[in-house]
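Have a look at the structure below, then the notes.
There are 2 protein chains.
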Amino acid sequence: MARPREFDEHQVIESLMKIFWDKGYEATTMQDLVKASGLLKGSLYGAFGDKQALYLAALKHYDRTRIQAEIDMFNGEGSARQKIARLFDNVIESTKRGLFGGGCLLCNASLEKAVSDKQVKNEIKTTIRRLKVAIMDAIKVEQVNEDQAGSLAAFIVSAYFGTRVLAKGGAPAAMIGDTRDHCLQLLPRARA
Amino acid sequence: MARPREFDEHQVIESLMKIFWDKGYEATTMQDLVKASGLLKGSLYGAFGDKQALYLAALKHYDRTRIQAEIDMFNGEGSARQKIARLFDNVIESTKRGLFGGGCLLCNASLEKAVSDKQVKNEIKTTIRRLKVAIMDAIKVEQVNEDQAGSLAAFIVSAYFGTRVLAKGGAPAAMIGDTRDHCLQLLPRARA
DNA sequence: CAAGTTTATGACCATACGGTCAACAATACA
DNA sequence: TGTATTGTTGACCGTATGGTCATAAACTTG
């Protein structure tokens, strides 16, 4: 190594991610990224590559932070009911606080870039699978049948993504709560 | 009136809509629209207005055709179970056939921040409400409690939108079927 | 046919876009 | 200290973008 980097890579990617999260891929300009990261264009290209590569890095960062946080939550303490309720409550919370319009970068990427970018599509598929598995494992604890747990988890991911769309589309917040409540109805009753 | 239009407005809007549906707002260029519509830029601007106006017109057209088709289906013959199953089966079908990546223009518009133009947002909210009401009415026939029907409809819209995200994100098709099946579980059993 | 009105055409424009590069700076190592 | 290597800088580039406009064409009406 010769001259050392003058920036913190995690911090830079975090800021890039937030821009993409907020504005989407196409609407984000290199100038936006330059401004948000504090780096200059040349450094950005030198360190990460072109715009597509920046987006992919941002998406991976989203996986390793935001999605992982949900997965950790599912792997942690509590009943499956509590965990799933919390998944949806997080949507309600971020919507109330106006964070990224209540949206989710993973969903945004699915609709904007998954079709046109195979690397993005693969990243998305992997992340969805990881999330689904975490939910499934949390359900399995209370639900004997393994197939049932898998399809229930798939269903919950669907409903979760749907609330992200509704939130950003400006639908009434009550629809998210309604969705949460009906998802919980499908779980086995709490025991003990 | 003086010189008559040389194009069919419905046909032109249909072609514009398909481009936006396929590529999204930002990724669609005026040249794309010119090519798809067969009109020249000047005519497009003269007849509809700027790019945002074209998008709004496309979204309204989507509402009046694609969404209306689903609403008509819900207002038509059959049990609520059948109708809701069909809603999801349509997603599976369009995914299999590769139509617009299995996506839905209404969902795409909800997540595209750059189009956070207030008119677009209002159009989205109105359309979501219309769809929800149609589902609710179909459920009410078999479900006495009105509040219950409303929240169930909200939940089904969420799940439906979620499958649109999953489809475009390249998730396994089985997840959509799983989602459909679990939604049906929440409906009262078919009678007679 | 003449005047008036709307539509069609395509050349044109300013700008913003993603991306590059040569020069310079800061370090490691010999 | 000198050389090699990597990081930083900002000017620069070709192009594609959304949008405009003067002119010509197609009609209606008197």
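Same order as they appear, the protein sequences are chains A and B.
Here this note's numbering is used: the first residue of the first sequence is -4, the next is one more, and so on.
Here this note's numbering is used: the first residue of the second sequence is -4, the next is one more, and so on.
Glycine included, each C-beta is placed from N, C-alpha and C at the ideal position.
Only a predicted model underlies this, so the values are computations on that prediction, with no experimental measurement involved.
Under the assumption that residue i contacts residue j (Cβ atoms under 8 Å), give the Cβ distance between them as a whole number of angstroms.
i: A64 (chain A); j: I8 (chain A); result: Not quite, the Cβ-Cβ distance comes to about 16 Å (not below 8 Å), so this is no contact.
i: I62 (chain B); j: L101 (chain B); result: 7 Å
i: K55 (chain A); j: G165 (chain B); result: Not confirmed; about 16 Å, so no contact.
i: A162 (chain A); j: G98 (chain A); result: 7 Å
i: A149 (chain B); j: K135 (chain B); result: That pair is no contact at about 14 Å.
i: L182 (chain A); j: A75 (chain A); result: 6 Å
i: L28 (chain A); j: L39 (chain A); result: 6 Å
i: A133 (chain B); j: K78 (chain B); result: 5 Å
i: Q47 (chain A); j: D112 (chain A); result: 7 Å
i: F2 (chain B); j: G33 (chain B); result: 7 Å
Quick check on DSSP: helix, strand or coil for residue i?
i: G19 (chain B); result: coil
i: E137 (chain A); result: coil
i: R0 (chain B); result: coil
i: A148 (chain B); result: helix
i: T122 (chain A); result: helix
i: V115 (chain A); result: helix
i: L28 (chain A); result: helix
i: A169 (chain B); result: helix
i: G37 (chain B); result: helix
i: K55 (chain A); result: helix
i: R92 (chain B); result: coil
i: L181 (chain A); result: coil
i: A80 (chain A); result: helix
i: S105 (chain A); result: helix
i: D45 (chain A); result: coil
i: V110 (chain A); result: coil
i: G71 (chain A); result: coil
i: G98 (chain A); result: coil
i: R186 (chain A); result: For R186 (chain A), the predicted structure reports a pLDDT of 46, less than 50, and the residue's modelled location is therefore unreliable. A value from the coordinates is still provided. It is coil, neither helix nor strand.
Between residue i and the rest of its own chain, which residues show a CB-CB distance below 7 Å, the 5 nearest in sequence each way excluded?
i: A154 (chain B); result: T174 and C178
i: A129 (chain A); result: I66, F69 and N70
i: A104 (chain A); result: L54, V115 and I119
i: K127 (chain A); result: A148, A149 and V152
i: T122 (chain B); result: D58, I62 and L101
i: A80 (chain A); result: R175 and L179
i: M25 (chain B); result: K36 and K46
Grab me the residues of residue i's own chain with a C-beta within less than 8 Å of its C-beta, minus the 5 sequence neighbours each way, in chain order.
i: I171 (chain A); result: F83, V86, I87, T90, T158, L161 and A162
i: R125 (chain B); result: D58, I62 and I66
i: A187 (chain B); result: Residue confidence for A187 (chain B) is low, a pLDDT of 37 falling below 50, so the modelled location carries little weight; the figure read from the coordinates is stated next. None.
i: R0 (chain A); result: A42
i: E4 (chain A); result: A42
What residues in its chain sit with their C-beta under 6 Å from that of residue i, if we drop five residues either side in the sequence?
i: A31 (chain A); result: S10 and I14
i: T23 (chain B); result: I14 and F15
i: Q138 (chain A); result: A144 and P183
i: M131 (chain B); result: A144, G145 and A148
i: F198 (chain B); result: Since the displayed chain B opens at -4 and closes at 187, residue 198 (chain B) lies outside it and no answer follows.
i: F156 (chain B); result: C102
i: D17 (chain B); result: F95
i: Q6 (chain A); result: none
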